[in-house]
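Enquirer: Numbering (full-length UniProt numbering), first residue to last: 1 to 247. The beta carbon of each residue, even a glycine, is placed where N, CA and C say it ideally should be. Provided herewith is a single structure, encoded as structure tokens, for subsequent inquiry.
And the structure:
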């Protein structure tokens, strides 16, 4: 502080040349209100109100986080199973050229439709939605009401997901059985109808029909151009003929 004062006095004497009043001539500084108190609009009665009722204990929050992680793991596992089963079904049906090659075999078509309804993504979405709905369950009040270990509560609450998981497992097993039936019937169908020869013949007919259609359009275009030429020629010839007068 003393060093700063000496430096300031030297600068004033050499540069600013300002008159410095004597300390005894200075008046005392007036008091200033730096903080203004405000009154509460409503004073809570600590004897009646639970002032900290909205606060969640740290132990309950940690327990809730653990339970949420358990639920998320169940949903993630079941969703992966559903996605994997649906992808396997799609690939295996594609390998059998289904459902394109089953139009003339009604039983096989019905089996494929059953897989698409019960085993496809659309059919499994309802079960997955049940998992999502269950994941929204709120066990925080039960955690706050309990004391000690929450393992028993977790075991009881997590059991709500068992029926959905069992339903998904049954659905996947049923889908696998349907795929086996489809594969067996598809092999019979291929043996009876000779699919390879049918595909070759179908492709050959398609190309023949496409070529015929293209040829038809080409001929029609040429005819229209010829008609337009002769109509234009006739109109030009008629306009140059002399007009005959009678009488």
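#1: Please return the same chain residues whose Cβ sits closer than 6 Å to the Cβ of residue 186, not counting the five positions on each side in sequence.
#2: What does the alpha-carbon distance come out to for the pair residue 16 and residue 6?
#3: In or out: residue 67 buried (at least 16 other Cβ within 10 Å) or exposed?
#4: Which class does residue 38 belong to by DSSP, given the choice of helix, strand or coil?
#5: Where residue 26 and residue 18 are concerned, what is the direct C-alpha to C-alpha distance, given to the nearest angstrom?
#6: Once DSSP output is grouped into helix, strand and coil, what is the label at residue 98?
#7: Can you tell me the Cβ-Cβ gap for residue 168 and residue 62, rounded? I've got them flagged as a contact below 8 Å.
#8: Under the three-state reduction of DSSP, which class applies to residue 22: helix, strand or coil?
#9: To the nearest angstrom, how far is the alpha carbon of residue 158 from that of residue 182?
#10: Between which two residues does the alpha helix (DSSP H) carrying residue 153 extend?
#11: Which residues bound the alpha helix (DSSP H) around residue 8?
#12: Do you know how far the Cα of residue 154 is from the Cα of residue 33?
#13: Decide if residue 179 is buried, meaning its Cβ has at least 16 other Cβ atoms within 10 Å, or exposed.
#14: Please report how far the alpha carbon of residue 9 lies from the alpha carbon of residue 1, in whole angstroms.
#15: In whole angstroms, what separates the C-alpha of residue 83 from that of residue 172?
#16: Rounding to the nearest angstrom, what Cα-Cα distance links residue 164 and residue 87 in this structure?
#17: Give the DSSP-derived three-state secondary structure of residue 107 in the structure shown.
#18: Nearest to residue 93 by CA position, among 184, 215, 23, 225, is which residue?
#19: Assuming residue 161 and residue 74 form a contact by the criterion Cβ under 8 Å, report the distance between their Cβ atoms to the nearest whole angstrom.
Expert: Answer, in terms of the structure:
#1: Taking the first residue of the chain shown as 1, we reach residue 186 at position 186. Cβ neighbours of residue 186 beyond the five flanking positions: 96.
#2: By one-based count along the chain shown, residue 16 stands at place 16. By one-based count along the chain shown, residue 6 stands at place 6. Looking at the two C-alpha atoms, the distance is approximately 14 Å.
#3: Within the chain shown, the letter at position 67 stands for residue 67. Burial call: buried.
#4: As a first step, residue 38 is located in the chain shown; it is residue number 38 there, counting from the start. Residue state, collapsed to three classes: coil.
#5: Here residue 26 refers to the residue found at position 26 of the chain shown. Here residue 18 refers to the residue found at position 18 of the chain shown. Going from the Cα of residue 26 to the Cα of residue 18 covers about 16 Å.
#6: Here the question's residue 98 lines up with position 98 in the chain shown. Of the three classes helix, strand and coil, the one that applies to residue 98 here is coil, per DSSP.
#7: Locating residue 168 in the chain shown gives position 168, counting from the first residue. Locating residue 62 in the chain shown gives position 62, counting from the first residue. That belief does not hold up - the Cβ atoms of residue 168 and residue 62 are roughly 30 Å apart, past 8 Å.
#8: Stepping through the chain shown from its first residue, residue 22 is reached at position 22. Three-state result, residue 22: coil.
#9: Translated into positions along the chain shown, residue 158 becomes position 158. Translated into positions along the chain shown, residue 182 becomes position 182. Computed Cα separation, rounded: 37 Å.
#10: Position 153 of the chain shown, counting from 1, holds the residue named residue 153. Run containing residue 153: 151–158, per the alpha helix (DSSP H) assignment.
#11: In the chain shown, residue 8 corresponds to position 8, counting from 1. It spans 2–11 - the alpha helix (DSSP H) in which residue 8 sits, taken as one unbroken run.
#12: By one-based count along the chain shown, residue 33 stands at place 33. By one-based count along the chain shown, residue 154 stands at place 154. Rounded to the nearest angstrom, the gap between the Cα atoms of residue 33 and residue 154 is 57 Å.
#13: Reading the chain shown from its first residue, position 179 is the one you call residue 179. Result: buried.
#14: Here residue 9 corresponds to residue number 9 of the chain shown, with the count starting at 1. Here residue 1 corresponds to residue number 1 of the chain shown, with the count starting at 1. Looking at the two C-alpha atoms, the distance is approximately 12 Å.
#15: Position 83 of the chain shown, counted from the start, is the residue given in the question as residue 83. Position 172 of the chain shown, counted from the start, is the residue given in the question as residue 172. Taking the straight line joining both Cα atoms gives about 11 Å.
#16: Indexing the chain shown from 1 puts residue 164 at position 164. Indexing the chain shown from 1 puts residue 87 at position 87. Each residue's alpha carbon lies about 20 Å from the other.
#17: Here residue 107 refers to the residue found at position 107 of the chain shown. Note that residue 107 scores a pLDDT of 49, beneath 50, so its modelled location is shaky and nothing firm can be said.
#18: In the chain shown, counting from the first residue as 1, residue 93 sits at position 93. If we check each option's Cα against that of residue 93, 184 comes out closest.
#19: By one-based count along the chain shown, residue 161 stands at place 161. By one-based count along the chain shown, residue 74 stands at place 74. 5 Å between Cβ atoms; contact.
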